[in-house]
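Read through the structure below, which is laid out as structure tokens, and then see the notes.
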Amino acid sequence: MAKPLKRIAVTGSAGQIAYNLLFRIASGEMLGKDQPVALQLLELPEALPALEGVRMELEDCAFPLLQEIIVTSDPKVAFRDIDLALLIGSKPRGPGMERGELLAENAKIFVEQGKALEAFAKPEVQVVVVGNPCNTNCLIALKQCKKIPPSHFHAMTRLDQNRAVSMLAKKANVPLSDVSNVIIWGNHSATQVPDPYNARIHNTPANEVIKDPEWLENDFYSQVQKRGAAIIAARGKSSAASAANAIIDHVKALYQPTPHGNWFSMGVYSASNPYGIDEDLIFSFPCKSLGDGRFEIVPNIELTPNVKAKLKATMQELIEERSMVDRLAVR
Ligand code: NAX
-12 MAKPLKRIAV TGSAGQIAYN LLFRIASGEM LGKDQPVALQ LLELPEALPA LEGVRMELED
48 CAFPLLQEII VTSDPKVAFR DIDLALLIGS KPRGPGMERG ELLAENAKIF VEQGKALEAF
108 AKPEVQVVVV GNPCNTNCLI ALKQCKKIPP SHFHAMTRLD QNRAVSMLAK KANVPLSDVS
168 NVIIWGNHSA TQVPDPYNAR IHNTPANEVI KDPEWLENDF YSQVQKRGAA IIAARGKSSA
228 ASAANAIIDH VKALYQPTPH GNWFSMGVYS ASNPYGIDED LIFSFPCKSL GDGRFEIVPN
288 IELTPNVKAK LKATMQELIE ERSMVDRLAV R
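For the sequence shown, position 229 (counting from the first letter as 1) is numbered 216 according to this note's numbering, and the numbering increases by one without interruption.
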């Protein structure tokens, strides 16, 4: 018997990440080759003509799993009865824009979208926030909702994780499949903390395989943190294909039970976390999925003193972002 249709809302759907994502979702790469989907695409009114072009291309692929496409600038329409929300659209930083201004502009978007999720999405919807600043945008959306549990809100740090995996494999000169358990702690920003000490290569701690403490302590961190900027410098545009790929990895990790002993990273609500992080943030932790979107934060991971100090700094940044939003009274 055919599986029931899953409705997926994608915001910012005329943007470059969505252009690299929608066709892969419709082909079954994200939710499975037997999972029919409806795409409910949200854009700003001025981007609707471009989005019509994307709709035409989706139709021209004749994907058997793609049963319906909705194109709209109204969150009420885009979020109706959805099972999954991929919130990619956000306001980019303009020339001379202060960080507070950027947070405020985005807060308005995520207040509106959070309210629409609460009113129109299924209560079991899973929400993945990609649009930056994604942790704080996610917290803002979460705060608008009562029927949707906080554990259903996630911010994407999977691209950072994938970048870190790739860099460790390259440095150790091993296949990518040998690298596992890489953690990204904290904010998806320059203060994020990629953790090489709990990563494994052939099931051995990465720092015992890569015997270059100087590289692990300095270059590895900064290369992961600055990879986005390096791509912009090279391509003249921000990472889109790798971001779309990370969204697919994030959603798959959420819906499939995590293999024993492994974990993956995502920004999740920090209430009752086992690492002493402020309990009202969206913070990236090592997580283990139980399947169907249920997950646990993996406890008892040992942190080096340096990683601990960096965790404090990234938490502090998130607390500041939250208080800026609170001061603007938009949360
Ligand atoms: P684009 O500028 O190509 O596309 C963004 C689209 O969002 C635009 O078409 C715009 O019209 C739309 N949009 C803006 N406000 C909207 C709203 N209120 N409702 C619906 N649509 C809206 O950006 P793109 O490269 O696709 O990046 C999108 C976001 O992802 C940015 O905020 C970017 O910073 C963020 N990223 C996050 C990453 C992560 O790892 N979490 C990595 C990639 C990316 O940098």
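Note that the Cβ used here is the ideal one computed from N, Cα and C, for glycine as well.
Distance, residue j Cα to residue i Cα
i	j	result
ASP279	TRP250	16 Å
SER167	ILE269	23 Å
MET43	ALA37	10 Å
THR59	ASN149	32 Å
ASP182	GLY223	29 Å
SER209	ALA151	11 Å
GLY15	PRO23	8 Å
MET302	PRO261	14 Å
PRO192	VAL169	10 Å
GLY101	VAL64	14 Å
VAL255	LEU241	12 Å
THR323	CYS48	No statement about residue 323 is possible, as the shown extent of the chain runs from -12 to 318 and does not include it.
PRO82	LEU18	38 Å
ARG11	HIS247	28 Å
Spatially closest choice to residue i from the options, by CA coordinates
i	options	result
HIS141	ALA151, LYS158, MET154, ASN119	ASN119
ALA159	PRO261, PRO62, VAL196	VAL196
GLU30	GLY(-1), PRO23, GLU39	GLY(-1)
LEU163	SER229, ARG187, PRO79	ARG187
VAL41	ILE75, LEU9, SER14	LEU9
LYS95	LEU73, ASP267, ASN124	ASN124
ILE69	ARG86, PRO(-9), GLY87, ASN7	PRO(-9)
GLU289	PRO273, ALA228, LYS224	PRO273
VAL114	ILE171, LEU74, MET17, PHE97	LEU74
LEU35	ARG67, LEU241, ALA1, PHE50	ALA1
VAL112	GLU99, LEU146, PHE66, GLY263	PHE66
GLU55	GLY76, ALA(-4), SER252	ALA(-4)
MET(-12)	ILE4, GLY87, ASP21	ASP21
SER229	ALA221, GLY215, VAL238	GLY215
LEU104	LEU90, ILE135, LYS78	ILE135
VAL238	ILE57, ILE4, ALA72	ALA72
LEU90	VAL116, ASP236, CYS121	CYS121
HIS175	PRO51, GLU46, LEU298	LEU298
THR335	ALA13, LEU53, LYS130, VAL180	No information on residue 335 is available, as it lies outside the stretch -12 to 318 that the chain covers here.
Residues near residue i by beta carbon distance below 8 Å, same chain, minus five either side
i	result
ALA177	GLN212, LYS213
ALA258	PRO137, GLU266, ASP267
ILE306	ASP265, LEU268
Start-to-end residues for the beta strand (DSSP E) that takes in residue i
i	result
GLN322	Nothing about residue 322 can be reported from this structure: the residues present for the chain run from -12 to 318 only.
PRO244	First-last for PRO244: undefined, no H or E at that position.
SER226	Per DSSP, SER226 belongs to no beta strand (DSSP E) and is neither H nor E.
GLU283	281 to 284
Contact test: residue i Cβ vs the ligand COA heavy atom, cutoff 8 Å
i	result
ALA5	This structure does not include the ligand COA; its bound ligands are the ligand NAX.
Residue range of the unbroken alpha helix (DSSP H) whose run includes residue i
i	result
LEU89	86 to 107
THR123	121 to 130
PRO292	292 to 314
ARG42	35 to 48
ILE218	214 to 222
Proximal residues to residue i (C-beta, below 6 Å), its chain only, five neighbours per side dropped
i	result
THR245	LYS275, SER276
MET84	none
ALA227	GLN3, ILE4, ASN7
Contacts around residue i, its chain only, beta-carbon distance under 7 Å, and the 5 residues preceding and following it disregarded
i	result
ARG(-6)	ALA25, GLN27, ASP68, ILE69, ASP70
PRO32	SER60
CYS132	GLY101, LEU104, GLU105
PRO110	LYS134, ILE135
Within-9 Å CB hit, residue i to chain B
i	result
GLU307	Of the chains in the structure shown, none is chain B; there is only one protein chain.
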